[in-house]
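Q: Each number in my numbering corresponds to the 1-based position in the sequence shown with 4 added.
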Amino acid sequence: MNFNDFNFNPDLHEGLMAMGYKSATPIQEQAIPVILDNHDLIACAQTGTGKTASYLLPVMDKIMRAKDRHNNTLILAPTRELAQQIDLQVEALAYFTNISSLAVYGGGDGIAYEQQKRSMREGVDVIIATPGRLMAHLSSGVLKLEHLQHLILDEADRMLDMGFYDDIMRIVSYLPKKRQTLLFSATMAPKIRKMAGTILNEPKQITISIAKPAEGIDQQAYNIHDQQKQALLTDIFKDGTYKSAIIFASTKEKVKALYKTFKSLGIKADAFHSDLGQKEREDILLAFKNRRLPIIIGTDVLSRGIDVEGVDLVINYDVPGDPADYVHRIGRTARAETKGTAITLVNGRDKRKFENIEKLIEKPVPRMTLPEHISAMEITHVEEKKPQQSRNNGKKKVWHKKKPKPSTNS
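1. Are there 16 or more other CB atoms within 10 angstroms of the CB of M64, so buried, or fewer, so exposed?
2. How many Å lie between S248 and I347 at the Cα?
3. Determine the DSSP secondary structure at N8, reduced to helix, strand or coil.
4. So for Y99, helix, strand or coil by DSSP?
5. Apply the 10 Å Cβ neighbour rule to A22 and answer buried if 16 or more other Cβ atoms are within range, or exposed otherwise.
6. How big is the Cα-Cα spacing for Q153 and D44?
7. Which residue from I365, P62, Y321, P217 puts its Cα closest to that of N8?
8. Rank Q282, D322, H277 by C-alpha distance to the C-alpha of I300 and give the top, closest one.
9. Can you tell me whether DSSP reads H154 as helix, strand or coil?
10. Counting along the chain, where does the alpha helix (DSSP H) carrying N360 start and finish?
11. Label D72 either buried or exposed according to how many other C-beta atoms from any shown protein chain fall within 10 Å of its C-beta, with 16 as the threshold for buried.
12. For D15, which of helix, strand or coil comes out of DSSP?
13. What's the call for Q392, buried or exposed, on a 16-neighbour Cβ count within 10 Å?
14. Please confirm whether P327 and L269 have their CB atoms less than 8 Å apart.
15. Taking the alpha carbon of E219 as the point to measure from, which residue in E376, T345, H377 has its own alpha carbon closest?
16. Identify which residue in V312, S254, I172 has its Cα closest to the Cα of R339.
17. Quick check on the burial criterion: 16 or more other C-beta atoms within 10 angstroms. Buried or exposed for N11?
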């Protein structure tokens, strides 16, 4: 379907043509007419399907026809990186229009906070925000949203995973009941359906199947012990073959440990994790995009928050728990029909996870042979101590596993 068929405002259409948009993706083809017809919407679609433009284009077209544009549209996103990315896309699409936007997120200094307050008082067309920071502005009375016409939740599943449910429901309590609400999620878990039933009104539903990895990605996997992983990474990067690489680890502690290893070996890399300040994160991403930084190490927050052309290698230091996250991660390479390599390190515990990934992508990933000097490494086996049975009047003691604490890694 061609974008001419949607009859967008000419100035908006000029912006999307300047950005190189040609034919609508499946999510755009299905979602845009529903949004233009003022229906609420639940859309199950992955990152990389064109979902951001699928809601931005029709909403921006409606904004240009609206009489009251003061704080017209609110987009909620789970992370500051995604909020920034959406804001940049709004700015690009709105280049030939007079649509204004504002990204609202934590981590900045006092000057940035005051600038946000001033802009919200004056009113902007589109506010893109993380739930926590937006709630702070609403609670202080600075932000008024009684005339809001569009509420959009992007990556709603991640927002709930990050514990933002209460904030979202409080934000909704500040909004007019008569509004259009659009919910986008990579999965349609029961908690998403429950929230949708509370905040949406007779929504239309669209489901786009998970995109398979691009054909240009050379997928590889190593069956490996944890103690061999860092040695293999050193081997991969020692000759400088890869000019732009992303390494994904499951926790920020592993990210930090890998960064220290690379630093000690003189391999230029940087770590991207939630303990860094906003300015530090932005500087790292900018250096990576500008090719001043060849290797970036991060958690799954990075897989959705980074949009860089020319990444030639992605390494999964750990197998992601959700098969869809594997597609997100390796999708950072071989973009725009280029070539790239994706390497996954599979230890004994992760074999079942990787089998589930292969089921999702409907193809086996070739197993590579470890270099001889790594396969010959002596592995130290740490035996788990068995709990000693105590005497309890002749009865066996029942050993209960402690309930795991919620993870705070990001």
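In this text, a Cβ means the ideal position worked out from N, Cα and C, and glycines have one as well.
All figures in this text were calculated on a predicted structure; none of them were measured in a lab.
A: Per the coordinate set shown:
1. buried
2. 14 Å
3. Helix at N8.
4. coil
5. exposed
6. 12 Å
7. Taking each of I365, P62, Y321, P217 in turn and checking the Cα distance to N8, the smallest one comes out for P62.
8. The shortest C-alpha separation from I300 is found at H277.
9. strand
10. Per DSSP, N360 belongs to the alpha helix (DSSP H) from 355–365.
11. exposed
12. helix
13. For Q392, the predicted structure reports a pLDDT of 46, less than 50, and the residue's modelled location is therefore unreliable. A value from the coordinates is still provided. Per the 10 Å Cβ criterion, exposed.
14. No Cβ-Cβ contact shorter than 8 Å links P327 with L269.
15. T345
16. With distances taken between CA atoms, R339 lies nearest to V312 out of V312, S254, I172.
17. exposed
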